[in-house]
Every structure is written in C-alpha cells, then in structure tokens.
Amino acid sequence: MLIGLVVLGAGFAFSAPVYGVFGEQGRIGPGFVPMVAGGLLAVLAAVLLRRQLSQPVSAGEVQSGTDDFGRTAGQRAWILRRVFVLLPVTVLAVPVVGMVCAFGGLVLVISTWLEGRRVLPAVAFSVAVAGGVWVVFAVLLAVPLPTGIFGF
3 MLIGLVVLGA
13 GFAFSAPVYG
23 VFGEQGRIGP
33 GFVPMVAGGL
43 LAVLAAVLLR
53 RQLSQPVSAG
63 EVQSGTDDFG
73 RTAGQRAWIL
83 RRVFVLLPVT
93 VLAVPVVGMV
103 CAFGGLVLVI
113 STWLEGRRVL
123 PAVAFSVAVA
133 GGVWVVFAVL
143 LAVPLPTGIF
153 GF
C-alpha cells in the first residue's frame, strides 16, 4: 500500500508543472499545491515504507493484530479503499458545487462515515476546514478556485 502512495505522490509531483507552478508576478500557479502535496506524500510514504521494512513486528502487534487506535489491518484497508473511491468522486463534484464545498463535503463524509464521528462536531470541523481552504487560497493567495454552479 505504501509503495502505491509513493508512486501516486510522485506522479502528482512530476505532472504538476504542466499546470504552471508559478504564475504572473511570482504568484503560485495551479500546479503548486499538487506538486508540494504530491512530493510530501511521496517522501512521507517512502519514509514510512523504509521504517516498516526495517523494524521487526513486535510480539504485541502480532498477538492483537491492531494498531495504536485499535483498528485491525482489515479495517485500515477498508477505510483506505473508500478514501480512494471518494477522492475521484470529490474531483468530479468540483465543477458542480465548487472546490470549497466539494472538499468540505469530503471531510464531512470521511469524518462521519469512515471515522464514525458524531454529526454535529463533524459538520463544524468540515465547515472550519472549508473556510480555512477558502481563506488561504481565495483570500490570502488570491488563487481563483472553481466555484461551481452556485458561484461560491
């Protein structure tokens, strides 16, 4: 699984310059975030992969079969598969509802459906994340975001 994340991250990082990493007057371009995020994903997944391969499995982990959060390998794989399905769905939703709403919805779905969080705190968290994305990109960096059919 980690090898796939290394390849995926590297693919995003290497394909991002096609969209322009920097725009006019030194502003960041649309390829900047995919390049940085893809590079970070590739590097961090490679570090985790190296760590996983170099450390022997502890006796406690073999006996219980759970991670630090009490999830089994099957549960972790179930969550990861659903996130990989949700990401393209979110990308397809961007032209319809806009980037901020689509990714806020992604955070809400992951929080409630995959992580089992209560709805009200999950809604508050997703609104905060969506607002943070809007402030950072639309306000501070002045990067035009896809607005969708609703215009926000």
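To convert a position in the sequence shown, counted from 1, into the working numbering, add 2. Note that CB positions come from ideal geometry on N, CA and C, so glycine has one too. Predicted model, so just to flag it, every value in this text is computed and none were measured.
DSSP state of residue i mapped onto helix, strand, coil
{"i": "ILE5", "result": "helix"}
{"i": "PHE152", "result": "coil"}
Status (buried if at least 16 other CB within 10 Å, exposed otherwise) for residue i
{"i": "SER56", "result": "exposed"}
{"i": "PHE86", "result": "exposed"}
{"i": "SER113", "result": "buried"}
{"i": "TRP136", "result": "buried"}
{"i": "ALA75", "result": "exposed"}
{"i": "GLY33", "result": "buried"}
{"i": "PHE14", "result": "buried"}
Residue i versus residue j: straight-line alpha-carbon distance, rounded
{"i": "LEU89", "j": "GLY22", "result": "22 Å"}
{"i": "VAL129", "j": "GLY100", "result": "14 Å"}
{"i": "TRP80", "j": "GLU117", "result": "11 Å"}
{"i": "LEU147", "j": "GLY67", "result": "43 Å"}
{"i": "VAL125", "j": "VAL96", "result": "19 Å"}
{"i": "GLY6", "j": "VAL45", "result": "12 Å"}
{"i": "ARG78", "j": "GLU26", "result": "43 Å"}
{"i": "MET37", "j": "ALA18", "result": "5 Å"}
{"i": "ASP69", "j": "GLY153", "result": "43 Å"}
{"i": "VAL163", "j": "ILE30", "result": "An answer regarding residue 163 cannot be provided, because it is not within the stretch 3 to 154 covered by the chain."}
{"i": "ARG52", "j": "GLY133", "result": "36 Å"}
{"i": "THR149", "j": "CYS103", "result": "9 Å"}
{"i": "GLY41", "j": "ALA12", "result": "6 Å"}
{"i": "GLY107", "j": "ALA140", "result": "18 Å"}
DSSP beta-bridge partners of residue i
{"i": "PHE34", "result": "Beta-bridge pairing links PHE34 to no other residue."}
Residue-level contact to chain B via CB, residue i, 7 Å cutoff
{"i": "GLY72", "result": "This model lacks chain B altogether, as it is built from one protein chain only."}
**Segments assigned beta strand (DSSP E), at least 3 residues, entirely inside the segment 70-129** = none
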